[in-house]
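Engineer: Numbers given in this note's numbering equal positions in the sequence shown, counted from 1, plus 9.
Got a structure here, written out as structure tokens. Questions coming.
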Amino acid sequence: MFDNKTILITGGTGSFGKKYVKTLLERYRPKKIIVFSRDELKQFEMQQTYNASCMRYFIGDVRDRERLRRAMQGVDYVIHAAALKQVPAAEYNPMECIKTNINGAENVIEAALDCNVDKVIALSTDKAANPINLYGATKLASDKLFVAANNIAGGHKTMFSVVRYGNVVCSRGSVVPVFQNFIDENRDHIPITHPDMTRFWISLQQGVDFVLKNFERMLGGEIFVPKIPSIKITDLATAMAPNLKQKIVGIRPGEKLHEVMCPEDLSFDTYEFDDHFVIAPGIKFSSRTNNFDTNAQNEKGKPVQPGFEYNSLSNPEYLSVEEIVEFNKQALL
């Protein structure tokens, strides 16, 4: 569905954006791929690798609605990946996080409607479900904006959906590079915030593939959540540095012990499909479908049990130490 189409990626020089561009170029023949981001050095560096004739690089910030409008002229599909993602940084710089993650989301929606974009998928995070930190709270607000945008669209054809998943292996800011730095510097320990901590675990390629597939599945207004394994942070440390001791350093500001992707309070709006869940919008649409148990690919889901919660602690699928080693190795390919 991406052949001869124009795709724009906000925050396109990040880990996700690079992998997304690589995948699009390998699998499809897009008309244009527009990388929209604010760091000219990262764009220059990315251009050295991704320089196909269909590539376009736009300097801009999602805080700037007019620049977004200009960049989205003639665009068919938008992936909104731009965000301030570091939990401690958001706690110490709350207004900056709000400006990018909430105001920026509103700007992406307005520009997409003004430019009559076909489909928009916004990337969310497990931290947006029952948030306890500002980053999660801003992403929850962003999710709500993108869901409600389907009502705001009115007569516009533009559809908006959200993809939510967990920690991405080896992405910038993930725990893997942090642990690797300790290993490379020959430290005598690996820092563990809490010995019971668990996280959802997904590779960049899995995340990209899930987003690609959901452009085909989306009806507009739903939140897609993949079924992925959990890990114990202590097992990750053992997998990466079996000979180093683990030192408990305490949970960081705004950090959760376990993560949630489908909260219990929304179990009555959640449907289970073969390889993913869908959280249907709580609001009713006047001009869009309100039936989300069957998607645009005619895949059928079933309602989850009342009180169901998809969290990293009770997740039935966990990776062993050996599986983490192999998973991380594959994620780096």
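Note that beta-carbon positions come from the ideal geometry of N, C-alpha and C, so glycine has one too.
Here the structure is a predicted model, which means the values were calculated and not measured.
Under a Cβ-count criterion, where at least 16 other Cβ atoms within 10 Å of its own Cβ denotes burial, should threonine 58 be classed as buried or exposed?
Structural biologist: Counting from one through the sequence shown, the residue named residue 58 turns up at place 49. With fewer than 16 other Cβ atoms within 10 Å, it is exposed.
Engineer: Is the beta carbon of valine 171 closer than 8 angstroms to that of alanine 146?
Structural biologist: As a first step, residue 146 is located in the sequence shown; it is residue number 137 there, counting from the start. As a first step, residue 171 is located in the sequence shown; it is residue number 162 there, counting from the start. Going by C-beta atoms, alanine 146 is not nearer than 8 angstroms to valine 171.
Engineer: According to the neighbour-count rule (16 or more other Cβ atoms, all chains shown, within 10 Å of its Cβ), is asparagine 252 buried or exposed?
Structural biologist: For this step, residue 252 is matched to residue 243 along the sequence shown. Asparagine 252 counts as exposed, since fewer than 16 other C-beta atoms from the protein chains shown sit within 10 angstroms of its C-beta.
Engineer: Do you know offhand how far histidine 198's Cα is from cysteine 63's?
Structural biologist: Locating residue 198 in the sequence shown gives position 189, counting from the first residue. Locating residue 63 in the sequence shown gives position 54, counting from the first residue. Rounded to the nearest whole angstrom, the CA to CA distance from histidine 198 to cysteine 63 is 47 angstroms.
Engineer: Classify glutamine 82 as helix, strand or coil using the three-state DSSP reduction.
Structural biologist: As a first step, residue 82 is located in the sequence shown; it is residue number 73 there, counting from the start. Glutamine 82 falls in the coil class under three-state DSSP.
Engineer: Can you find the residues in the same chain that come closer than 6 angstroms, C-beta to C-beta, to threonine 32, ignoring five residues on each side of it along the sequence?
Structural biologist: If you number the sequence shown from 1, residue 32 lands on position 23. Once the five neighbours on either side are set aside, the close Cβ partners of threonine 32 are Val217.
Engineer: Exposed or buried, what is aspartate 135 when buried is set at 16 or more other beta-carbons lying within 10 Å of its beta-carbon?
Structural biologist: Mapped onto the sequence shown, residue 135 falls at position 126. Aspartate 135 should be labelled buried.
Engineer: Measure how close the beta-carbons of glutamate 100 and asparagine 142 come, nearest whole angstrom, since I'm counting them as under 8 angstroms.
Structural biologist: Mapped onto the sequence shown, residue 100 falls at position 91. Mapped onto the sequence shown, residue 142 falls at position 133. Their Cβ separation, rounded to whole angstroms, is 6 angstroms, which keeps glutamate 100 and asparagine 142 in contact under 8 angstroms.
Engineer: Could you tell me if the beta carbon of proline 204 falls within a distance shorter than 7 angstroms of some heavy atom in the ligand GTP?
Structural biologist: With respect to the ligand GTP, the structure shown offers nothing to examine, as it has no ligands at all.
Engineer: Along the beta strand (DSSP E) that carries glutamate 281, what are the first and last residues, could you check?
Structural biologist: Residue numbering aside, residue 281 sits at position 272 when the sequence shown is read from its first letter. Glutamate 281 -> beta strand (DSSP E) spans 279-281.
Engineer: Helix, strand or coil for methionine 10, going by three-state DSSP, please let me know.
Structural biologist: One-based indexing of the sequence shown puts residue 10 at position 1. Coil, per DSSP.
Engineer: Under three-state DSSP, which class holds serine 170?
Structural biologist: In the sequence shown, counting from the first residue as 1, residue 170 sits at position 161. Correct three-state label for serine 170: strand.
Engineer: DSSP state of glutamine 255, grouped into three classes?
Structural biologist: Taking the first residue of the sequence shown as 1, we reach residue 255 at position 246. Glutamine 255: strand per DSSP, three-state reduction.
Engineer: Quick one: what does DSSP say cysteine 63 is sitting in, helix, strand or coil?
Structural biologist: Within the sequence shown, the letter at position 54 stands for residue 63. Coil.
Engineer: Distance, Cα to Cα, isoleucine 260 vs aspartate 193?
Structural biologist: For this step, residue 260 is matched to residue 251 along the sequence shown. For this step, residue 193 is matched to residue 184 along the sequence shown. Between isoleucine 260 and aspartate 193, the C-alpha separation is close to 23 angstroms.
Engineer: Reducing DSSP to helix, strand and coil, say where asparagine 125 ends up.
Structural biologist: Within the sequence shown, the letter at position 116 stands for residue 125. Reduced to three states, the DSSP call for asparagine 125 is coil.
Engineer: Could you give the uninterrupted runs of the alpha helix (DSSP H) lying entirely in the stretch 173-252, keeping only those of 4 residues or more?
Structural biologist: 184-193, 213-226 and 242-249
Engineer: Can you confirm whether the stretch 144-160 touches the stretch 33-51 when touching is taken to mean that 3 or more C-beta pairs between the two stretches lie within less than 8 angstroms?
Structural biologist: The stretch 33-51 vs the stretch 144-160: no contact.
Engineer: Is leucine 143 helix, strand or coil when you go by DSSP?
Structural biologist: Position 134 of the sequence shown, counting from 1, holds the residue named residue 143. Of the three classes helix, strand and coil, the one that applies to leucine 143 here is helix, per DSSP.
Engineer: Look up isoleucine 292 in the DSSP assignment and say whether it is helix, strand or coil.
Structural biologist: The residue labelled residue 292 in the question sits at position 283 within the sequence shown. If DSSP states are grouped into helix, strand and coil, isoleucine 292 belongs with coil.
Engineer: Between which two residues does the beta strand (DSSP E) holding lysine 27 run?
Structural biologist: Here residue 27 refers to the residue found at position 18 of the sequence shown. No beta strand (DSSP E) contains lysine 27, which is instead part of the alpha helix (DSSP H) from 24-36.
Engineer: In the structure shown, what three-state DSSP assignment does leucine 132 receive?
Structural biologist: Within the sequence shown, numbered from 1, the residue matching residue 132 stands at position 123. Here leucine 132 sits in strand by DSSP.
Engineer: Taking only the alpha-carbon atoms, compute the straight-line gap between isoleucine 240 and glutamine 215 and give it to the nearest angstrom.
Structural biologist: Your numbering for residue 240 matches position 231 in the sequence shown. Your numbering for residue 215 matches position 206 in the sequence shown. Roughly 16 angstroms between the two C-alpha positions.
Engineer: Quick one, are the C-beta atoms of leucine 77 and asparagine 116 less than 8 angstroms apart?
Structural biologist: Within the sequence shown, residue 77 is the residue found at index 68, counting from 1. Within the sequence shown, residue 116 is the residue found at index 107, counting from 1. Yes, they are a contact pair.
Engineer: Consider the Cβ of proline 140: report whether some Cβ of chain D lies at a distance smaller than 8 angstroms.
Structural biologist: Among the chains in the structure shown there is no chain D, since it carries only a single protein chain.
Engineer: Which residue comes first and which comes last in the alpha helix (DSSP H) that contains phenylalanine 336?
Structural biologist: Taking the sequence shown and counting its residues from 1, one reaches residue 336 at position 327. Unbroken alpha helix (DSSP H) run through phenylalanine 336: 330-340.
Engineer: Span of the alpha helix (DSSP H) holding phenylalanine 317?
Structural biologist: For the purposes of this step, residue 317 is taken as the residue at position 308 of the sequence shown. Premise fails: phenylalanine 317 is in no alpha helix (DSSP H) and is neither H nor E.
Engineer: Could you tell me if proline 298 is buried or exposed, where buried requires 16 or more neighbouring beta carbons within 10 angstroms of its beta carbon?
Structural biologist: Translated into positions along the sequence shown, residue 298 becomes position 289. For the record, residue 298 in the displayed sequence is threonine; it is not proline. Threonine 298 comes out exposed.
Engineer: CA-CA distance, proline 272 and serine 321?
Structural biologist: Translated into the one-based positions of the sequence shown, residue 272 becomes position 263. Translated into the one-based positions of the sequence shown, residue 321 becomes position 312. Their Cα atoms are separated by approximately 11 angstroms.
Engineer: Quick one: using the 10 Å Cβ neighbour count with 16 as the cut-off for buried, is lysine 128 buried or exposed?
Structural biologist: Taking the sequence shown and counting its residues from 1, the one referred to as residue 128 is at position 119. Result: buried.
Engineer: According to DSSP, phenylalanine 45 sits in a beta bridge with which residue or residues?
Structural biologist: Counting from 1 along the sequence shown, the entry for residue 45 is found at position 36. Partner(s): Thr19 and Phe67.
Engineer: Of all the options Leu228, Gln52, Val96 and Gln95, which has the alpha carbon lying nearest to the alpha carbon of phenylalanine 155?
Structural biologist: Here residue 155 is taken as the residue at index 146 of the sequence shown, counted from 1. Out of Leu228, Gln52, Val96 and Gln95, Leu228 has the C-alpha closest to the C-alpha of phenylalanine 155.
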